[in-house]
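Quick mapping for you: the protein sequence lines, in order, are chains U and V. Numbered per our numbering, the first sequence spans residues 1 to 248. Numbered per our numbering, the second sequence spans residues 1001 to 1248. Yeah, the Cβ is synthetic: ideal placement off N, Cα and C, and Gly gets one too. Please read the structure below before turning to the comments.
2 protein chains.
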Amino acid sequence: MDRNSDIVPFHETASCAHHAKGDECRFCNVRRLSICAAVDAEELSFLEDLSGDTVFEEKSALFREEDEAISVYNVTSGVVRLVRSLPDGRRQITGFAMAGDFLGLSLNTSWSFSAEAVTDVRACRFKRSTFEDFSDRKPHLMKRMHEFATHELSLAQDHMVLLGRLTAEEKLATFLLELKRRWTRVEGHEIGLIKLPMGRQDIADYLGLTIETVSRTINQMHRDRRLVIVPDGIRFVDPAYFEAHALR
Amino acid sequence: MDRNSDIVPFHETASCAHHAKGDECRFCNVRRLSICAAVDAEELSFLEDLSGDTVFEEKSALFREEDEAISVYNVTSGVVRLVRSLPDGRRQITGFAMAGDFLGLSLNTSWSFSAEAVTDVRACRFKRSTFEDFSDRKPHLMKRMHEFATHELSLAQDHMVLLGRLTAEEKLATFLLELKRRWTRVEGHEIGLIKLPMGRQDIADYLGLTIETVSRTINQMHRDRRLVIVPDGIRFVDPAYFEAHALR
DNA sequence: CCCGAGGTTTGATTTGTATCAATGCCAGAG
DNA sequence: CTCTGGCATTGATACAAATCAAACCTCGGG
């Protein structure tokens, strides 16, 4: 049975209710984190005309592997899982996209992965072809996209080491520490609670483990007083333990 | 004992002996495969002035993880392994670079991986800062680099699926098929013999396995009449078997 | 307040791959 | 021709994680 059968096609919403039209980008709280930080005020207002705010509800798909890439997206809130599936149902999650992350860096007309909303998600949407034309005329934007791509590539290489060479315990320690860093970056300040919006199955598919091994390993860490489990997340009790067992 | 202790620093050689200075790029046999295909005749001669042909002998390092990235490279012949190492000696090979592949796409001043010559290697070398200045002024070159980067990213995602979700048999089938495709691309025509210049340990470190499992799996395939083992490589006997077991 | 569904935890058992330990097989040096 | 060192192969055994199988929350709906 396909575990993804509950993923429904996305439903596009009307434009953002919280900003007057014409102010979205200037007041965007993820601009500093995103592609758009490379864009000056004048370009920003032009870019804004190309963009549309979209909302995806929990468990809906932003797009699927086999879809044509009509749009590209800048995630502004929520968490998205990036999934590659095998014909027999095995899944690998190659990453989680959060506020500031860009989907569609390659500007290819075909996606090579699915993007599914783990939580409710807001994203700034651009028509792919239009965005490509724009970036073709703005070398500094292209360069910023290239920097994003090579950064992603470096993260992908880290993840290959994790998948190929770490133990279950090391995988979880690395994952939790990385998640802490990403929330800190998004929130703009140190956080205590590490929110885990994704389910155990998603964590398993990200780390190349089974759900049972993820559950056992986290609960073992709890029993060993390395962390406490709280609603919707965990909290480090022994941060040094995670630093010592994680990859970089 | 560190398995890499035999990797010695590279020895730089004088410029290419086979071409008169001023003709390297025009007659370059990997141009069509490389970054340089995006460069027109005039730019090519300019680029050529920036470049120097280098030779690295088998087992030497082009650069190491911890080195500062002074140069970037365009591989013109031979095979390079890209390695990430853990402090305790565990290794993950994130890829093999062959003719046409570019090392230094990120243009960062620090490498995040080592590059080691598996065979004798020739590469076209550029000063990183100079190359960056050049690409900053040539949007189509930057775009080509970006395309290379996002293609790499897609390959990296494939490899994550392999590492996280495939069995040893599937990993080997995928690896051999992928290698066949890459040799075909480099040679410019279909090939029968799939050369395996890298040792079993390198294959293991690429696939997230041990050397024993690689050896057992290949020899099992041989016993099952899926392939024949020949000096320096293998030959498919049952190509359909590999197609059926490989990832895409 | 109870029920049911979806997700999580826990336990028992199996298994694929790692580990440990020889042995085999060249190719190059002497 | 024989020795030697560096892989590669093969076999026996161990073990980490997968698989199979319940039981257990918890939260929203009736």
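Residue range of the unbroken alpha helix (DSSP H) whose run includes residue i
i                       : result
residue 204 of chain U  : 200 to 207
residue 193 of chain U  : Careful: residue 193 of chain U lies outside any alpha helix (DSSP H), inside the beta strand (DSSP E) at 193 to 195.
residue 1030 of chain V : No alpha helix (DSSP H) contains residue 1030 of chain V, which DSSP labels as neither H nor E.
residue 163 of chain U  : 139 to 165
residue 247 of chain U  : Careful: residue 247 of chain U lies outside any alpha helix (DSSP H) and carries neither H nor E.
residue 173 of chain U  : 168 to 187
residue 1039 of chain V : That residue, residue 1039 of chain V, is in no alpha helix (DSSP H); it is neither H nor E in DSSP.
residue 1210 of chain V : Unbroken run through residue 1210 of chain V: none, as it is neither H nor E.
Contact set between residue i and chain V, taken where Cβ atoms lie within less than 7 Å
i                      : result
residue 159 of chain U : 1160
residue 94 of chain U  : 1157, 1160
Identified DSSP bridge partners for residue i
i                       : result
residue 1124 of chain V : V:1053, V:1074
residue 80 of chain U   : U:97, U:117
residue 59 of chain U   : For residue 59 of chain U, which the question treats as bridged, DSSP gives no partner whatsoever.
residue 102 of chain U  : U:74
residue 1091 of chain V : V:1085
residue 1110 of chain V : V:1068
Unbroken beta strand (DSSP E) run spanning residue i, endpoints
i                       : result
residue 1233 of chain V : 1233 to 1236
residue 1228 of chain V : 1227 to 1230
Contacts that residue i makes with chain U (C-beta to C-beta distance below 8 Å)
i                       : result
residue 1139 of chain V : 136, 139, 142
Where residue i meets chain V, residues with beta-carbon distance less than 8 Å
i                      : result
residue 163 of chain U : 1160, 1163, 1164, 1208
Where residue i meets chain U, residues with beta-carbon distance less than 9 Å
i                       : result
residue 1113 of chain V : 154, 157
heavy atom of the ligand MG below 7 Å from residue i C-beta
i                       : result
residue 1171 of chain V : As presented, the structure is devoid of all ligands, the ligand MG included, so that no description of it is given.
Interfacial residues, the region 1143 to 1154 of chain V to chain U, with Cβ spacing under 7 Å: 1143, 1145, 1146, 1149, 1150, 1152, 1153, 1154
Segment contact flag, the region 110 to 119 of chain U with the region 46 to 65 of chain U, C-beta cutoff 8 Å, min 3 pairs: yes
Segment contact, 8 Å Cβ cut-off, at least three pairs: the region 1079 to 1094 of chain V with the region 1212 to 1219 of chain V: no
Selection of the region 1098 to 1109 of chain V by Cβ proximity to chain U, strictly under 9 Å: 1105, 1106, 1107, 1108
Cβ-based contacts, 7 Å cut-off: residues of the region 1063 to 1092 of chain V near chain U: 1084, 1086, 1090, 1092
Cβ contact (3+ pairs, closer than 8 Å) linking the region 1226 to 1243 of chain V and the region 1119 to 1133 of chain V: no
Contact between the region 1096 to 1105 of chain V and the region 1132 to 1152 of chain V (3+ Cβ pairs under 8 Å): yes
Contact between the region 1027 to 1037 of chain V and the region 1073 to 1087 of chain V (3+ Cβ pairs under 8 Å): yes
Three-pair Cβ contact test at 8 Å for the region 152 to 165 of chain U versus the region 1151 to 1170 of chain V: yes
The region 168 to 178 of chain U contacting the region 191 to 211 of chain U, beta-carbon criterion three pairs below 8 Å: yes
Three CB pairs or more closer than 8 Å across the region 1185 to 1199 of chain V and the region 1091 to 1101 of chain V: yes
Inter-stretch contact (C-beta, 8 Å, three-pair minimum) for the region 1062 to 1070 of chain V and the region 1034 to 1046 of chain V: no
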